[in-house]
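Report on the structure given below.
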Amino acid sequence: MPSRKLNWYRYASPAAFYPLAGKLIPWFAIPAALLFVVGLYVGFFIAPTDAQQGDAYRIIFIHVPAAWMGMLLYVLMAVYAGIGWAFNARLSSMMASSLAITGALFTFLSLVTGSLWGKPTWGTWWVWDARMTSTLILLFLYVGFISLQAAIDDVRRADRAGAVLAIVGVINVPIIYFSVQWWNTLHQGATIRILNKPSMAPPMLAAMLIMLAACWLYSIAVVLVRLRCIIREREQNATMIAAASA
Amino acid sequence: MGGYGFYVWGSYLVALITLGGEVVLLIRRRRALKRKVQ
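Chains U and Z, in that order, give the protein sequences.
Residue numbers for the first sequence follow the working numbering, so the first one is 1 and each next one is one higher.
Residue numbers for the second sequence follow the working numbering, so the first one is 1001 and each next one is one higher.
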């Protein structure tokens, strides 16, 4: 009887992962689109108006998932960049490059939506509060990673330099998360904790978690599409360089 | 939206532009790459 055991290491090769990524994309993109629709429906039509903040609180259904995704994608980017650097795994470095843009966009989105939420609730667009400042630093780290990689022509050197920045910058993620506990900030504390009961109405929580799942699936889909583009671009360049030097 | 329409809809508009823009740019990048290969 032939062995049906999958050799997962095979997928560490960009050439082997490329078709697999193509097959996986619709499995993430379509549920992401559906969950965005469901999440927005629950958030706008089922979740009640907040007693203190009125309808302004409905910004959380995009703000909170965007902020979480910004942090999570940074950690993932640093892990992939680190693996790529330590084991000379090209696909991991490509994955880190692919994650950076989506992570930067979610961080940007969390800052803008936070600002739009801050004005009606705090009376100001921006304060140099620990949570907001550390999130702005996260955006700068993403921009730094993307710029550094774009500035170095040699892809392998660019990956290594990016990995150093990503790994050093990962220290900022726990600072963002715990900033509301460590410092006296204008930003509110965590509403959802793993061990405690959430302090919000179940439909509000449901809408936020559905939107979070949608953002996760969206991120996986776009990161895979970009990864396929990066694989094609790099493999094409490698072939051109090899042909030119032959 | 109880007087908060600008802030709430503004947030979702920014989200649509950011995430929708990412998707559009990715599709364009993929098409350009396909043309280059052909």
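Note that beta-carbon positions come from the ideal geometry of N, C-alpha and C, so glycine has one too.
What you are looking at is a predicted structure, and each value in this text was computed from that prediction instead of being measured.
Is any heavy atom in the ligand MN found nearer than 7 Å to the beta carbon of valine 112/U?
-> In terms of ligand content, the structure shown is empty, and the ligand MN therefore cannot be addressed.
Closer than 8 Å to chain Z by CB, histidine 187/U = no
Same chain, Cβ closer than 7 Å to proline 120/U, five either side skipped, listed in chain order | Closer than 7 Å at the Cβ level, and outside the excluded window around proline 120/U, lie Ala56.
Taking histidine 187/U as the reference, give the member of Phe106/U, Leu111/U, Met211/U, Phe145/U with the closest Cα.
-> Leu111/U
Just curious, the alpha helix (DSSP H) that isoleucine 101/U is in, first and last residue?
-> 90-122
Determine the contact status of methionine 94/U and glycine 114/U, defining contact as a CB-CB distance below 8 Å.
-> With contacts defined as CB atoms closer than 8 Å, methionine 94/U and glycine 114/U fail to qualify as a contacting pair.
Identify the contact partners of arginine 1028/Z in chain U, using a Cβ-Cβ distance below 9 Å as the criterion.
-> Going along chain U, no residue has its Cβ under 9 Å from arginine 1028/Z, so there is no contact; the nearest lies around 10 Å.
Pairing CB atoms from the stretch 57-70 of chain U with CB atoms from the stretch 143-151 of chain U, are three or more of them under 8 Å?
-> no
Neighbourhood of isoleucine 137/U by C-beta distance below 7 Å, restricted to the same chain and skipping five residues each side | Asn172
Excluding the five sequence neighbours on either side, which residues of its own chain have a C-beta within less than 7 Å of the C-beta of alanine 29/U, listed in chain order?
-> Ala221
What does a CB cutoff of less than 6 Å around aspartate 159/U pick up in its chain, not counting 5 residues either side in sequence?
-> Gly84, Ser93
To which residues does DSSP link leucine 70/U through a beta bridge?
-> What sits at residue 70/U in the sequence shown is glycine, not leucine. For glycine 70/U, which the question treats as bridged, DSSP gives no partner whatsoever.
Between Gly82/U, Arg10/U, Gly54/U, Gly39/U, which lies nearest to glycine 1002/Z when the distance is taken from Cα to Cα?
-> Gly54/U
Valine 1014/Z at chain U interface by Cβ criterion, 8 Å | yes
Spatially closest choice to leucine 35/U from Val155/U, Met208/U, Ile230/U, by CA coordinates | Met208/U
Mind checking if glycine 1002/Z is an interface residue toward chain U, Cβ cutoff 8 Å exclusive?
-> yes
Would you give the residue range spanned by the alpha helix (DSSP H) that tyrosine 18/U belongs to?
-> 14-41
contact_flag[the stretch 161-179 of chain U, the stretch 12-30 of chain U] where n(CB pairs < 8 Å) is 3 or more | no
Whole alpha helix (DSSP H) elements within the stretch 136-182 of chain U, 4-residue minimum = 155-169, 172-182
Range covered by the alpha helix (DSSP H) that runs through valine 1005/Z | At residue 1005/Z the sequence reads glycine, which differs from the valine that was named. Its alpha helix (DSSP H) spans residues 1005-1037.
Going by C-alpha distance, which of Leu224/U, Pro203/U, Leu227/U, Gln236/U is nearest glycine 39/U?
-> Pro203/U
Nearest to valine 143/U by CA position, among Arg156/U, Gly162/U, Phe44/U, Trp117/U, is which residue?
-> The candidate whose alpha carbon is nearest that of valine 143/U is Gly162/U.
Contact set between the stretch 209-230 of chain U and chain Z, restricted to residues whose Cβ is under 8 Å from the partner | Tyr218, Val222, Val225, Arg226, Arg228, Cys229
Any C-beta of chain U sitting closer than 8 Å to the C-beta of valine 1023/Z?
-> yes
The stretch 115-127 of chain U: which residues have C-beta closer than 8 Å to a C-beta of chain Z, in chain order?
-> Contacts with chain Z (Cβ-Cβ distance below 8 Å) from the stretch 115-127 of chain U involve Leu116, Trp117, Lys119, Pro120, listed in chain order.
Cross-strand partners of aspartate 50/U (DSSP beta bridge) | Gly54/U
Buried/exposed call for alanine 15/U, threshold 16 Cβ in 10 Å | By the neighbour-count criterion, in which 16 or more other beta carbons inside 10 Å mark a residue as buried, alanine 15/U falls on the exposed side.
Give the straight-line distance between the Cα atoms of alanine 130/U and serine 179/U, rounded to the nearest whole angstrom.
-> 6 Å
Pick from Phe145/U, Leu205/U, Val42/U, Asn88/U that is closest to alanine 104/U, judged by C-alpha positions | Phe145/U
Contact under 8 Å by Cβ, phenylalanine 106/U with glycine 82/U | Contact flag unset, no.
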